[in-house]
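Enquirer: My questions will all concern the structure given below.
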Amino acid sequence: MSKRVVTFGEVLMRLTTASHERFEQSNSYNINFGGTEANVAASLARWDVSTYHITGFPNNAIGKTANAYLKKSGIHTDYIKFIEGRMGLYFLEHGVMQRSSKIIYDRFHSSFSQLEPSLFDWNEILKDANWFHWTGITPAISASAAQICLNAITTAQELGITISGDINYRRNLWQYGKSPLDIMPDLISKSNVIVGGLTDFKNCLNISADNYEEACKKIQKQYPNIHTISNTHRETISASHNKLSAVLWKNNTLYTSQTYDMQSIVDRIGGGDAFMAGLIYGLIHKENTEALEFALASSVLKHGITGDANLVSVEEVEQIVNGNNIGRLLR
């Protein structure tokens with residue numbers, strides 16, 4: 337049976353200054369579309385996984401252009417809703433060397449934030465799904481987005497579908513009167529695979545630990561539905577030079593990846609989403625260590641690609657894992 341993955345979250349229009357210009361220098365912006373959950377879906381679609389992204393767009397030409405982008409990426413858009421409102425935006429100034437990148441979000445009161453829970457029949461949407469993916473960004477956007485996310489996760493659990501969540505704690509998003517500790521524990525408790533770090537665990541689950549292994553043990557004891565926990569570790573030498581590794585906790589064992597030295601980074605936005613997509617694909621098709629290495633290599637390749645989406649094949653990822661064709665001219 338072919339795998340079908342459903343993702344849920346907001347898609348934003350990204351406006352990026354050209355050639356590492358600063359905001360004050362730029363007279364034009366390059367336009368892309370992306371969102372953390374949709375980026376996951378885009379990767380999986382390239383890897384021949386049937387993906388459906390669930391979101392809401394403004395009922396205008398911009399919303400329809402964003403929808404066309406998802407279709408072009410191979411994502412099914414059958415259940416996307418078009419309503420009144422505006423497109424969420426974010427502006428990106430790429431850093432270089434010792435100058436950091438900057439992002440400015442303009443997403444409040446977007447169409448997605450105003451979606452009504454009654455718009456989505458999750459039993460219909462998830463009827464043939466094997467996997468549902470969400471992130472901590474979505475329930476932070478609005479009370480209605482949090483409720484829709486809870487409805488989706490609850491239905492997925494009732495249907496016996498594997499549920500993954502990238503906790504992705506974003507402090508500045510929680511503006512509607514609820515804190516992460518009011519919302520996130522219930523969503524996480526119903527999930528099976530989570531990605532997050534010690535800061536995420538503290539802010540979203542109120543779980544503190546001295547190290548990652550200890551945190552994982554506490555989480556599994558308190559939330560027995562969770563069987564897999566993972567995260568990346570980034571060492572930032574400069575905006576252009578990072579080192580990246582990852583860990584995976586499963587079967588009471590902590591697996592550690594190799595470390596990649598990434599010099600001359602092109603675009604790190606979406607690197608975490610590329611890791612998440614690689615982890616989902618890896619957990620479906622591979623064993624634990626192989627799944628972790630596939631996820632990390634997927635993220636590493638994304639750092640060399642402009643835009644939110646990771647435009648690589650399974651074969652390219654596996655070549656990196658195996659140390660083949662790294663940086664070679666292929667023809």
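Sequential numbering from 337 applies to the sequence shown in our numbering. Beta carbons are placed, not taken as given, at the ideal position from N, Cα and C, and that holds for glycine.
1) Tell me which same chain residues have a C-beta within less than 6 Å of the C-beta of N466, skipping the five on either side of it?
2) From what residue to what residue does the alpha helix (DSSP H) around T498 run?
3) On the DSSP letters alone, give me the boundaries of the alpha helix (DSSP H) that T413 sits inside.
4) Does the Cβ of V602 have 16 or more other Cβ atoms within 10 Å, making it buried, or fewer, making it exposed?
5) Rank L647, T564, L451 and N658 by C-alpha distance to the C-alpha of R382 and give the top, closest one.
6) Is D597 helix, strand or coil when you go by DSSP?
7) Classify M520: buried if its beta carbon has 16 or more other beta carbons within 10 angstroms, exposed otherwise.
8) Going by beta carbon distance, what residues of the same chain come within less than 6 Å of K417, once the five residues before and after it are set aside?
9) Taking the beta strand (DSSP E) that G345 falls in, what are its first and last residues?
10) When the distance is taken between beta carbons, is C540 closer than 8 Å to G472?
11) For Q450 and Q511, I'd like the C-alpha separation in whole angstroms.
12) Any beta carbon from chain C within less than 8 Å of I484's own beta carbon?
13) With G370 and A613 assumed to form a contact (beta carbons below 8 Å), what rounded beta-carbon distance in angstroms separates them?
14) From S576, W585 and L615, pick the residue whose C-alpha is nearest to that of R604; which is it?
15) Identify whether H356 lies in helix, strand or coil by the three-state DSSP scheme.
16) Pull up the CB-CB distance for L632 and F611, whole angstroms please, since I reckon it's below 8 Å.
Expert: Let's see:
1) K339 and R340
2) T498 -> not in any alpha helix (DSSP H); beta strand (DSSP E) instead, spanning T498 to D502.
3) Taken as a continuous stretch (DSSP letters only), T413 belongs to no alpha helix (DSSP H), as it is neither H nor E.
4) exposed
5) L647
6) strand
7) buried
8) G392 and L455
9) Run containing G345: none; DSSP gives neither H nor E here.
10) yes
11) 14 Å
12) The structure shown contains no chain C; it holds only a single protein chain.
13) Actually they are not in contact, since the Cβ atoms of G370 and A613 sit about 13 Å apart, beyond 8 Å.
14) S576
15) helix
16) 7 Å
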